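A.B. asks: With positions in the sequence shown counted from 1, the corresponding number in my numbering is that position plus 1. Think of the CB as a built atom: it goes at the ideal place given N, C-alpha and C, for glycine as much as any other residue. Given the structure is predicted, the values throughout are model-derived calculations rather than measurements.
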Amino acid sequence: MNPKQGKLQIIHYREKCIGCNACVEAAPDRWAISKKDGKAVLLKGIEKKGIYTVIT
2 MNPKQGKLQI IHYREKCIGC NACVEAAPDR WAISKKDGKA VLLKGIEKKG IYTVIT
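(1) Using only CA atoms, which one of Cys21, Val25, Arg31 lies nearest to Leu9?
(2) Just the C-alpha distance for Tyr14 and Val42, rounded to the nearest angstrom, thanks.
(3) Helix, strand or coil for Ala23, going by three-state DSSP, please let me know.
(4) Kindly indicate which residue of Gly39, Ile52, Lys45, Ile56 has the alpha-carbon position closest to the one of Ile19.
(5) Comparing C-alpha positions only, which one of Lys36, Thr54, Gly7, Lys37 sits nearest to Leu1?
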């Protein structure tokens, strides 16, 4: 069995975030809004070159 089968990868381009809060409303266990700049934060996301990813 493929170890990635049935998993989901979330990719977040934080610089492009407009801070609309839709992601937090849809999945509050996965997202938060930064009090510093009002943009979304992908919880447990790993940053690489400004792009955040997480595999669930």
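C.D. replies: Quick answer:
(1) Along the sequence shown, read from residue 1 onward, the residue named residue 9 stands at position 8. Out of Cys21, Val25, Arg31, Arg31 has the C-alpha closest to the C-alpha of Leu9.
(2) Mapped onto the sequence shown, residue 14 falls at position 13. Mapped onto the sequence shown, residue 42 falls at position 41. C-alpha of Tyr14 to C-alpha of Val42: approximately 10 Å in a straight line.
(3) As a working note, residue 23 is residue 22 in the sequence shown. Here Ala23 carries a helix assignment [DSSP, helix/strand/coil].
(4) The sequence position of residue 19 within the sequence shown is 18, counting from 1. Among Gly39, Ile52, Lys45, Ile56, the Cα nearest to that of Ile19 is on Gly39.
(5) Residue 1 lies beyond the range of the chain shown here (2 to 57); nothing can be said about it.
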